[in-house]
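Everything below concerns the one structure shown next.
Chains as they are written, first to last, in this note's numbering: chain E, 1 to 65; chain C, 1001 to 1446.
Given below as structure tokens:
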């Protein structure tokens, strides 16, 4: 799976998590679980972006050499 | 009955009608096109119009070039490339090419080659939309076939980095100009194609016509058409047209435009991520507050029901009850006490003087005793007197003195009156020594 695909997928999952959290009948434990999951997905998304930026940076340096 | 013109003998075309229809059709069916060939049978009218036949080894077609501002000298036998459209010279029904532009093929070698190749490939169907592949909606993995030294690559990488850094880029370096560039590009494309990327970007920045000529290679065109991976071609600047652009699945006018296209709407996704992150925090805080509130309200409820509180309440109730009891008891007690006091006082007040009573009683008893004694003595005396009296009164004593008592025999009743008896009644007369019985013989009144 490409980074873009996994990013999109994670973003989709994040949206699902948020939709679930917006339900009124979600309990505290479940809410915390969802929040944890959401934060994890957010971090993963951000990491994918950061990694990708680094990779491009490297690619640009290679091209310059 | 109306029929289509030319379909029946009654409705036959006239030559002019047919020519008009042909002319119309020709104009509609063919736009302008490039045509190349050798000039033959050239004639220039005094008005400056030029008529010639353009032919190749087998065939020819009449051309007319009306007087233009830029007078291009034409020579019989020269190779030219013309841009024109088909028209019909109706007075004679001659088909001719109306020349709009003409170029010397000898002078514009590259242009001519380009035109020829374009025509050839067009006929082969390489530019047809139906043969082109669609770009995937999301490009995750991109092959870039270009020179690592070129400015195009830097532009592309900069744009992708800022717009969508997630795209995994693989560079397939190749020279993009020079005589040996085309086969190297071909090779790079093949290698890239085998790596199964989502798309291949074939690009180079702007340059001279000669610099860009590499991308007008016939073999390269076929190669691009055959690739399994969708190809984006972005060669040169906006004004440059290349065979590679024409044959590629997607064409972008510049490398930067290609990078923008490839990046897609990732910015939106990134923005969405930020929004979702904030929303997530808000939601969880909201949830926590909600639960906190619920816990608080329940805690409060529980506290209210805590045994010690209940105990306190009960204690208080007990206290109140006790108080009430005390109050009612003490008031009752007080009342009783008062009553008692009252009674007691009354009792004390009403207490008879026992001693006096006792003395009185004694007196009474004395008196009684005295009375009884005197009465007794009186009675005794009276009795004595009575006895004496009685002794005096005893009839026996009277009898002794000669008196008798006569009573009726039948009922022993003492006769004191003569009425008590009648003649014949038997009577008994008591005497001192005994009794005698007699019969009434006669009653004598006094």
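Quick reminder that beta carbons are idealized off the backbone N, C-alpha and C, glycines included. Note that the coordinates shown come from a computational prediction; the quantities given were computed from them, not determined experimentally.
Quick one: which unbroken beta strand (DSSP E) runs of 3-plus residues sit fully inside the segment 1104-1131 of chain C? Chain order, please.
For the segment 1104-1131 of chain C, not a single whole beta strand (DSSP E) run of length 3 or above is found.
Report yes or no: do three or more beta-carbon pairs, one from the segment 1208-1227 of chain C and one from the segment 1121-1132 of chain C, lie closer than 8 angstroms?
yes
With 9 angstroms as the limit, tell me which residues of the segment 1111-1142 of chain C have their beta carbon closer than that to any beta carbon of chain E; keep them in chain order.
1138, 1139, 1140 and 1141
So, for residue 1251 of chain C: in the same chain, excluding its five sequence neighbours on each side, which residues have a beta-carbon less than 8 angstroms away from its beta-carbon?
1232, 1233, 1234 and 1245
Going straight from the alpha carbon of residue 1320 of chain C to that of residue 1304 of chain C, what length do you get?
In this structure, the alpha-carbon of residue 1320 of chain C lies about 20 angstroms from that of residue 1304 of chain C.
First through last residue of the alpha helix (DSSP H) which encompasses residue 1044 of chain C:
Residue 1044 of chain C -> not in any alpha helix (DSSP H); beta strand (DSSP E) instead, spanning 1033-1044.
Strictly under 8 angstroms for the Cβ-Cβ distance: is residue 956 of chain C near chain E by that measure?
Here chain C covers residues 1001 to 1446 and nothing more, so residue 956 of chain C does not appear.
Secondary structure of residue 1426 of chain C, DSSP reduced to three states
strand
Bridge partners for residue 1073 of chain C per DSSP, in chain order?
Looking at the DSSP assignment, residue 1073 of chain C forms no beta bridge with any residue, so it has no partner.
Tell me whether the beta-carbon of residue 1142 of chain C lies closer than 8 angstroms to the beta-carbon of residue 1083 of chain C.
no
Three or more C-beta pairs below 8 angstroms linking the segment 1195-1212 of chain C and the segment 1292-1304 of chain C
Result no; under three Cβ-Cβ pairs closer than 8 angstroms.
Consider the Cβ of residue 1165 of chain C: report whether some Cβ of chain E lies at a distance smaller than 8 angstroms.
yes
Near residue 1151 of chain C, which residues of its chain fall below 6 angstroms by C-beta distance, leaving aside the five closest residues on each side in sequence?
Counting only Cβ-Cβ distances below 6 angstroms, and skipping sequence neighbours, we find 1205.
Output yes or no for whether 8 angstroms exceeds the beta carbon distance between residue 1259 of chain C and residue 1169 of chain C.
When the beta-carbon positions are compared, residue 1259 of chain C and residue 1169 of chain C stay at least 8 angstroms from each other.
Opening and closing residue of the beta strand (DSSP E) in which residue 1079 of chain C lies
1079-1089
Tell me whether residue 1199 of chain C sits in a helix, a strand or coil according to DSSP, three-state version.
strand
Residue 1107 of chain C to residue 1081 of chain C span [Cα, whole Å]:
Because the pLDDT at residue 1107 of chain C is just 49, under 50, the model does not fix this residue reliably, and the value given afterwards should be weighed accordingly. Each residue's Cα considered, the two are about 10 angstroms apart.
Using a Cβ distance threshold of 8 angstroms, determine whether the segment 1283-1295 of chain C contacts the segment 10-30 of chain E, with at least three qualifying pairs required.
yes
Residue-level contact to chain E via CB, residue 1100 of chain C, 8 angstroms cutoff
no
Locate the alpha helix (DSSP H) running through residue 1274 of chain C, then write down its first and last residues.
1266-1304
Buried versus exposed call for residue 1336 of chain C [16 or more other C-beta atoms within 10 Å across all chains shown]:
Residue 1336 of chain C should be labelled exposed.
Is the distance from the Cβ of residue 1207 of chain C to the Cβ of residue 1163 of chain C below 8 angstroms?
No, they are not a contact pair.
Output needed for residue 1114 of chain C: all residues of its chain with C-beta closer than 6 angstroms, excluding positions within five of it in sequence on either side, in chain order.
1216
Roughly how many whole angstroms lie between the Cα atoms of residue 1122 of chain C and residue 1241 of chain C?
14 angstroms
At a Cβ threshold of 8 angstroms, is residue 1313 of chain C touching chain E?
no
Starting from residue 1444 of chain C, trace the alpha helix (DSSP H) both ways and give me its first and last residue.
Here residue 1444 of chain C belongs to no alpha helix (DSSP H), and DSSP marks it neither H nor E.
Three-state secondary structure (DSSP) of residue 1060 of chain C:
strand
Within the segment 1209-1254 of chain C, note down every full alpha helix (DSSP H) run reaching 4 residues or more, in order along the chain.
1209-1212, 1218-1226 and 1243-1247
Between which two residues does the alpha helix (DSSP H) containing residue 1182 of chain C stretch?
1181-1194
What did DSSP end up calling residue 1007 of chain C once you bin it into helix, strand or coil?
In the structure shown, residue 1007 of chain C sits in coil (DSSP, three-state: anything other than H, G, I, E or B).
For the beta strand (DSSP E) holding residue 1406 of chain C, just list the boundary residues, first then last.
Counting along the chain, the beta strand (DSSP E) containing residue 1406 of chain C begins and ends at 1405-1408.
Selected residue, minimal CA-CA separation from residue 1174 of chain C, among C:1166, C:1186, C:1138 and C:1236:
C:1186
So, for residue 1312 of chain C: in the same chain, excluding its five sequence neighbours on each side, which residues have a beta-carbon less than 8 angstroms away from its beta-carbon?
none
Going by beta carbon distance, what residues of the same chain come within less than 8 angstroms of residue 1435 of chain C, once the five residues before and after it are set aside?
1428 and 1429
In the DSSP assignment, find the unbroken alpha helix (DSSP H) run with residue 1152 of chain C in it and report its ends.
1151-1163
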